[in-house]
Structure formats: structure tokens, C-alpha cells
Amino acid sequence: MDPSLFAPTVAGRRALRSLPSDHCPQEGSDNHALSPEQGRAPRVGGRPPHDRRGAQPRAGADAGRRTRGPEQSRVTAAAAVISAGAIPNPRLEYGTGRQRAILPTTASGSTQTWGVSQLIENPALRRARVDAARFAVEGTGQSAAAVRNALVGEIRLRAYEYLLRQAEAAAAADSLALLEQVQTRVNARVSSGEAPRYELIKAEAEIINARQVRDTSALMVEQSLFTLNRLAAGHLPARWTLTETLAGVPPLPPRELLVEDALARNPDLLALRAEIDRSQALVAGARANRWPGLEVRYDQGRDPEVRTGRVSVGVQIPLFDQRSGPIAEASSELTRARGRYEGLQLELRQQILQAVQMQDIAALKVQALSTGAVRDAEAAVRVAEAAYRYGERGILDVLDAQRVLRTVRSDLLAARFQVQAARIDIDILAGRFAGAPLQP
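The working numbering numbers the first residue of the sequence shown as 708 and each following residue consecutively.
Structure below.
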């Protein structure tokens, strides 16, 4: 089986980053014709099945630790909106002292002053600050959706990997059973003197290899189960099985519709769109901050002879600082955000087209193997077995034909998995898992 089948596609590299590249050896593949139902997961250990389709990815996303940080960042950003919309507190001042007379006509005594001031913000500055905080909330929400999208996609991919490992384990067990039957026939012919002893030695060597393949396949099934349970943070039920199959893949819509869907729903792209809006609000806020607002003040003073009251208004004049530095910084961030957004748009379009092409290639490989190579290999096995029964061929020809058939069927299983992996890659790019609920 080609290890490149398990290499990450362009868009799904996050979901595939820890997928093992090793496969069940081809010597353990099934010796029967691979029907469309062969990819169905058998029951594990005779346990009764429970339909966990859809619920298992949700449970994993709920327990995944990777979603907690982005979700908490969203809570922090929501609190920042409250801070941005807060009205400045008034300022209260109070003073006391004593007045000493210098002239005979002046009275002596205590003096008191108090005052209160309130900053009335520039409405444009306040609006820009609140808008920037709201767009930050939207951006953190999309970042959390991107993490959830990748996590659910990875869980689905691991689930199909589990189906693949189960199918390989079942094929390895069937292959061992058939080889044991062949060994029985060879042993009978060797005992009767119809065949040389080296044929029995060769058959026993094949059985030893088949048992090793069977044991390895069983361990890989357990490893897949462990990986799924780890993604679910150990919250999977004690009894469960998957009702999906490797062979079932829904048809894809046209490529242009897929591209439009990805550009409209991809959470990474939407997060950059929110970053652009936030940068625009920051630019507007930096410009409005040249006139931060008016300060209205009222103060009152009292001495032994006079009481005074005064109302004043203060404004900061942008004489020396025109806020050119903050405006330039915000404008630069806006330009950078737009560049990242446009670059991701182009990259996303290419990733969608490449993922669709990979699924088409894998689907063609499945069709070619299931309708051509598998049938030819099965026919070769039947001919070799018939020739061996009539003494026209040796056991080596039978074993070689069976080995070719196992290899072809193993490649067919891998191709079916590759189709599923490419489809999951497309779904991740289109953001179809971004809105997956986090509660089972």
C-alpha cells in the first residue's frame, strides 16, 4: 500500500498531522472478493452496536481541550465590548484652607472650594472604539469556529481510519484462515508423496507471516480506538460502533459552488474579514482621537466674604500632536490584514480545486481496482488453484496468485479511505464543521 495515501492534503493538514503513515501489511488482505459492504465496520468483541453516527464527533468536540482557549478568548473579547462602551466617570475635587487678613478691611477665616468635571467623548471616537471591540468578538468567535472545524474534521478522519483498520484486520483473519486450508491440502499431498516437502515448508512460512499480519492488524485497530478516545477526552461510551462505511461517499456539487461556499463559510477567512473590519474601526478611532471630546467643569468657592460659582469648558487642541503616528500604525495594520485576506482567498480556491481533484483521482482508482484488477486477480487465483489440484502447477504459483490478490484488495481499501479523507478535507475547507454543536 502506498504510504502517500496517508499524507495530508493541502487543506486538511491540521486534521491529518498525527495520522500514522504505516499500514497493515498487504500480506494480510482478504482472499475473497471485496464487495461494497466489506468496508462496513464489524462489531468489536461481539458487543451490541450503538448508532453513534454524528454523536461521536460532537462528544469529541465537547471534550476537546483545543476548543477551550478560543472560547475563553471570545469571552474576554465580549468583556472588552463592555469596557469600550463604558462612560467615563465624573471627577470630583474638594479643597479647604484658611484666609489671613492683610488689610484692615479684609476678613479672616476658613475657605472651601469644590468642583466636578465630566468628559463628554467625541461620538465618532466612542463609536469606533465600540465597533473595534465588536469586530474583535466576531474574530475570536470565528477563530474558535476554525478550531472546532478542524477538530471535528480530525475526529471524522480518525473514525474512517478506524473503519479502515477494522477492514484490514478482518481481511488478515480471513487470509490466515484460507492459508491454513491450503496448508492442510499441501500436508495431505506431501504425506501421500504427491508433492515435495518444500511446498509444505513454503506454506508454513506463509502462515507464520499471515499470523504476524493478523496480530499487527489487531493492534492497529486498538491504536485507532485509543486515538478516538483520546480526541473525545475519554468520554466515549463503553459499547459503541460506527455505522458508516468506507464505500459510502455522497456526490459533490459543482466546483464553482464549492469554491463559493468555502469563500462564504470558511472560518479562517471570516476571521480575517473581521480583522479587516476591526482595523478599519481602529483607523477611524485614531483619526477621531485628534479631538477626544469636551470637558465640562463646574466649581464653587467660598471664603468669609464672597461665594463664587463658575462653569467652564475645556477642549484639547491638536496643535503639536496630530495623531499621525497612531493613524499610520492603524492604516498599516489594515493594509496587512487586507493582504492576508486576499492571499487566503486565492489559497483557499486552489486548495478546494486540489482537494476535489484528489477525490476524483481516488474515486477513479477505486473504480479501476474494484472492476478490473480485483476481478483479474481473483480469476488468476482460481486458475492457479485448479492447476494445483490437477498437478499442473506447484503451491508457489497458488501462493503468488493469492499474494497478488491480497495486495490489490489492500490497495482498494486504501483508495476508499483516500476518497473519504479527500471529502473530509473539502468539508473542512468549506467550514461545514464550524457550526458543529459542542454538546452531544
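A virtual CB, placed ideally from N, CA and C, is assigned to each residue, including glycine.
Just so it is clear, the structure is predicted and the values come from calculations on it, not from any experiment.
- For the pair Glu-1054 and Leu-970, the Cα-to-Cα distance works out to about 11 Å.
- A residue is called buried when at least 16 other Cβ atoms come within 10 angstroms of its Cβ; Phe-1124 meets this threshold and is buried.
- Assignment of beta-bridge partners to Glu-1002 by DSSP yields Leu-826 and Gly-1021.
- Distance between Ala-1093 and Val-966, taken at the CA atoms: about 54 Å.
- A straight-line Cα-Cα distance of about 35 Å links Arg-781 and Asp-1028.
- Taking one beta carbon from each stretch, the stretch 875-883 and the stretch 921-928 have 3 or more pairs nearer than 8 Å; the two touch.
- Leu-799 is bridged by DSSP to Val-823.
- With fewer than 16 other Cβ atoms from the protein chains shown falling within 10 Å of its own Cβ, Val-1020 counts as exposed.
- For Asn-973, there is no enclosing alpha helix (DSSP H), as DSSP gives it neither H nor E.
- Contact between the stretch 993-1009 and the stretch 816-831 is present, with at least three C-beta pairs closer than 8 Å.
- Annotation: Thr-847 to Ala-840 spans about 11 Å, alpha carbon to alpha carbon.
- In the displayed model, Arg-946 falls within coil according to three-state DSSP, outside both helix and strand.
- Spatial neighbours of Tyr-1095 in its own chain (CB-CB distance under 6 Å, excluding positions within 5 residues in sequence) are listed in chain order as Val-1105.
- Under the 8 Å Cβ criterion, the stretch 1027-1043 counts as touching the stretch 979-998, having at least three qualifying pairs.
- Remark: C-beta atoms of Leu-883 and Arg-937 do not approach each other more closely than 8 Å.
- Under DSSP, Arg-1009 shares a beta bridge with Gln-819 and Arg-1014.
- CA-CA distance, Tyr-801 to Ala-1037, rounds to 40 Å.
- Put simply, the stretch 893-908 does not touch the stretch 935-951. Fewer than three CB pairs are less than 8 Å apart.
- DSSP places Gly-1142 outside both helix and strand once states are collapsed to three, so it counts as coil.
- Look at Gln-1029 here: in three-state DSSP terms it is coil, with no helix or strand label.
- Between Ala-814 and Glu-1012, the C-beta spacing is below 8 Å.
- By the C-beta density criterion, Asp-1083 is exposed, having fewer than 16 other C-beta atoms within 10 angstroms.
- Here Ile-1135 is buried: its Cβ has 16 or more other Cβ atoms, across all protein chains shown, within 10 Å.
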